[in-house]
Structures are given as C-alpha cells and as structure tokens.
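Asks: Residue numbers for the sequence shown follow our numbering, beginning at 289 and rising by one.
Backbone N, C-alpha and C define an ideal beta-carbon position, used for all residues, glycine too.
Keep in mind the model is a prediction, meaning the values are calculated, not measured.
Right, I'll just put the structure down here and ask away after.
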Amino acid sequence: MLKLSIIVTIFIVLVTAVMISHNLQQVSAQVSNSTTTNSTTTNSTSIPAITVGGNATGGIAYDPIHHTMYVTSPSANTTSVINTDTLRPLPARIAAVGHNPAFITYDPIHHTMYVTSASGNTVSVINTTTNSVIGNPIPAGKQPQIAAYDPMHKTIYMTNIGPTGCTLHVGCVPPVGRPSTVTVINTTTNNVIRNIPVGLDPFGIAYDPIHHTMYVANSGSNTVSIINTTTNSVIANPVSGDNNATGIAYEPIHHRMYITHNHDLFYSYYKNSQHKGSVTAISTAPPYTVIGRPLLAEIDPFDIAYDPLHHKMYVTNFGSGKVSVIDVK
C-alpha cells in the first residue's frame, strides 16, 4: 500500500508540473503577442483585417460549437466561414444562399444559420457542421431583413421591410412607409408558420426571454409591435419614443428594450445632410411606457447590441463611423 501511495503521489506531482508548465507557456505567448502603444494601452494586439468573398460584407453571426464566424457577401451572393481559432477563412465559400444575402441568424438548437435574401424574398438555411445549404430557400415576406430566435418554441422571427423599402434605400424621396409583416419559421421543419402583420417598415427585432415576446421596431410608424410568441399575435403597439426606429436590443437587468432612432436615415443622406439621432428605452412590462428622455447619439444611429458583462449598450452610427456607448446600470 505504501509503494502504491508513493506512486500516486509522484503521478500527481508530475501532472501538476506539466499543467503549470503549459499555463506558463500560455501566459508567455499572451505576453509576447501583446503590444503597448502608449501608457494607457496594454495587452492589445493588432490583428489584420480578414479578406472574405465579394466586395462588401453584410451580416455576421457566431457559431459557438465550431468556433466559426459566418459572414454574408451580398455582392458575391455567398457566405464565408472564418475559423475564429486561426483567424482564417475556410477555403470554400457557401453559395446558393439567395441573391444579395443580407443578415444572418444562428439557431443553437439545430446548429444552423438562417440567411436572408432581401432581393430574393427568401431565407436559406446552412448546416454549420457540413457548411452546406439545406433544402430549398424558404419563402419570406417582401425584403426580409433581421431575424431573432425564440429558443422556447424553436422558431425564427424575421422582419420584412415591405414592398417599398423606402426607409432603407437611397433615392426614395420622401420615405413612404407601408404595413408589412414578420415571418415565423419553424426551425425543426423549416416551414413558414405565419406572417404576422405589424407596423410600417419593420426592421430591428429582439426577443424578451422573460415574457416570451418579440419586439419589432417599425421604422416607418415610430411604434413597436409586441408579439406574443405563444399565440403569434400582436398584443400591443406602444410608441417607440422618437421617429424612425431601426435597431432594438434587450437589456435583462432592468427589463427594458433600447431602440435607436436615426432621424431620416438615407433620406437625410440623399439630401446631403446629416442629423443627430437618439436612443430611447421602453419597459417590457405593461403598459410598455417610454422611460425617461431620449438619449443623444451620434449621426444616424443604426443598430444596437448589449454587453451583458459591463451592462452597456453599443450603438453603431451610420453617418459618423463612430460607436456610441450607453451605460445602462
């Protein structure tokens, strides 16, 4: 027994030594790869831009299972896959994802990507294990845009900007909004369940996991359509707090939706003028009231995303090339 105990002890010591050596090598590699540009910048590395297919990149979504980023290329009608471990694109690009693929959304249950084709009015499904398109394109509404996933019902909700798309296209003067829909897709069968009528020119969409509802930013009517994902019906249409609502993101700490307002995006660009935009917050509990005053943003704020670690909202600004940061603590 004593001899066995000694052998076990030696084994544990050896394993521990190997682990410590491995950790020291990792730390050494991290330090050697970091650069200090000034006294306030540490542990930062300069990473070259990654070239993928086409002249422009559009939507992007992350696959946590395979550690890959999927990037749409509207000009090439393809989707590229980047290995996030090596920061290199995979050799083959995925074709047959529709004409002018725009935004892309991940389904974590079935490990698939859903790619919208605004020009083709369809949605293509990519198997992220084989990186191949599954079946035929799924019919959507007119000019499908952004989608959000409901993990409870295993469904994708996708906004359709409508038959005109004036809010999002240069040269439509003045913008004329029309009622449109949100397409609901069963991600198990990839069949369209329903097209839900919402407000004018719906664009951004976000899921509230507490109340199991989808919030749709209607850019043409300055409202938010709230959809009950169990009944697939609109239960409320509160005002968004300002005009031309586009992006929308959920903040789980205070149970609020934050909405960007770009104040005539593209229309202002067409007139060779730019306007400061704003961000408003609404409560996700009835009566869904606007909270406080609108927060000033940069020129033509467009999309918005939440950082759960630091409790901040990040807003992209189409007209300034800057990102606004809002502390929501």
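Using a Cβ-Cβ cutoff of less than 6 Å, which residues in the same chain neighbour Ala-317 once the five nearest sequence positions on both sides are dropped?
Replies: Taking the first residue of the sequence shown as 1, we reach residue 317 at position 29. Confidence in Ala-317 is poor, its pLDDT being 32 and thus under 50, which makes the residue's placement unreliable; the coordinate value appears in the next sentence. Hits under 6 Å: none found.
Asks: In chain order, what are the residue ranges of uninterrupted alpha helix (DSSP H) at least 4 long that sit wholly in the stretch 568 to 614?
Replies: Segments of the alpha helix (DSSP H) lying fully in the stretch 568 to 614: there are none.
Asks: Going by other Cβ atoms of all chains shown within 10 Å of its Cβ, with 16 needed for buried, is Asn-424 buried or exposed?
Replies: Residue 424 sits at position 136 when you count from the first residue of the sequence shown. Exposed is the call here.
Asks: Going straight from the alpha carbon of Arg-581 to that of Arg-376, what length do you get?
Replies: Here residue 581 corresponds to residue number 293 of the sequence shown, with the count starting at 1. Here residue 376 corresponds to residue number 88 of the sequence shown, with the count starting at 1. Answer to the nearest angstrom: the Cα atoms are 44 Å apart.
Asks: Distance, Cα to Cα, Leu-597 vs Ser-513?
Replies: Start at 1 with the first residue of the sequence shown, and residue 597 comes out as number 309. Start at 1 with the first residue of the sequence shown, and residue 513 comes out as number 225. So the two alpha carbons sit approximately 28 Å from each other.
Asks: Which residues bound the beta strand (DSSP E) around Met-440?
Replies: Residue numbering aside, residue 440 sits at position 152 when the sequence shown is read from its first letter. Per DSSP, Met-440 belongs to no beta strand (DSSP E) and is neither H nor E.
Asks: Taking three-plus beta-carbon pairs below 8 Å as touching, is the stretch 479 to 499 in contact with the stretch 396 to 407?
Replies: These segments do not touch.
Asks: Contact between the stretch 498 to 510 and the stretch 531 to 540: three or more CB pairs below 8 Å?
Replies: As far as the Cβ criterion goes, the stretch 498 to 510 touches the stretch 531 to 540, which means the pair count is three or higher.
Asks: Go through its chain and collect everything with a Cβ distance to Gly-529's Cβ below 7 Å, but skip five positions before and after it.
Replies: As a working mapping, residue 529 is identified with position 241 in the sequence shown. Here the set comprises Ile-547, Thr-568, Ile-570, Val-578 and Pro-582.
Asks: Between Met-446, Thr-475 and Asn-474, which lies nearest to Ser-468 when the distance is taken from Cα to Cα?
Replies: The residue you call residue 468 lines up with position 180 of the sequence shown. The candidate whose alpha carbon is nearest that of Ser-468 is Met-446.
Asks: So, with DSSP's three-state summary, where would you put Ser-529?
Replies: Position 241 of the sequence shown, counting from 1, holds the residue named residue 529. This sequence places Gly at residue 529; Ser is not what is there. Gly-529: coil per DSSP, three-state reduction.
Asks: Within 10 angstroms of the Cβ of Ile-493, are there 16 or more other Cβ atoms? Answer buried if so, exposed if not.
Replies: In the sequence shown, the residue the question calls residue 493 occupies position 205. Flag for Ile-493 reads buried.
Asks: Determine the closest residue to Ser-361 out of Asn-520, Thr-339 and Tyr-394, with distance taken between C-alpha atoms.
Replies: The count along the sequence shown starts at 1 and reaches residue 361 at position 73. Considering only alpha carbons, the answer is Thr-339.
Asks: Here's the rule: buried if 16 or more other CB atoms are within 10 angstroms of the residue's CB, otherwise exposed. What is Met-440?
Replies: Your numbering for residue 440 matches position 152 in the sequence shown. With fewer than 16 Cβ atoms within 10 Å of its Cβ, Met-440 is classed as exposed.
Asks: If you measure between the beta carbons of Ser-507 and Phe-491, is that distance less than 9 Å?
Replies: Start at 1 with the first residue of the sequence shown, and residue 507 comes out as number 219. Start at 1 with the first residue of the sequence shown, and residue 491 comes out as number 203. Going by C-beta atoms, Ser-507 is nearer than 9 Å to Phe-491.
Asks: Determine the DSSP secondary structure at His-549, reduced to helix, strand or coil.
Replies: Position 261 of the sequence shown, counted from the first residue, corresponds to residue 549. Here His-549 sits in strand by DSSP.
Asks: Work out the CA separation of Val-522 and Val-413 for me, nearest whole Å.
Replies: Residue mapping note: residue 413 aligns to position 125 of the sequence shown, counting from 1. Residue mapping note: residue 522 aligns to position 234 of the sequence shown, counting from 1. Near 27 Å, if we compare the C-alpha coordinates of Val-522 and Val-413.
Asks: What number of angstroms, rounded off, separates the C-alpha of Gly-346 from the C-alpha of Asn-550?
Replies: What you label residue 346 is simply residue 58 of the sequence shown in a count that begins at 1. What you label residue 550 is simply residue 262 of the sequence shown in a count that begins at 1. One C-alpha to the other measures close to 19 Å.
Asks: Could you tell me the distance, in whole angstroms, from the CA atom of Val-319 to the CA atom of Thr-418?
Replies: On the sequence shown, residue 319 is found 31 positions in, with the first residue counted as 1. On the sequence shown, residue 418 is found 130 positions in, with the first residue counted as 1. Because the pLDDT of Val-319 is 30, which lies under 50, any placement of that residue in the model is unreliable, and the number read from its coordinates should be weighed accordingly. Computed Cα separation, rounded: 36 Å.
Asks: With a cut-off of 8 Å on the beta carbons, I'd call Val-421 and Ile-382 a contact; round off their distance for me.
Replies: For the purposes of this step, residue 421 is identified with residue 133 of the sequence shown, where counting begins at 1. For the purposes of this step, residue 382 is identified with residue 94 of the sequence shown, where counting begins at 1. So it is a contact: roughly 7 Å between Cβ atoms.
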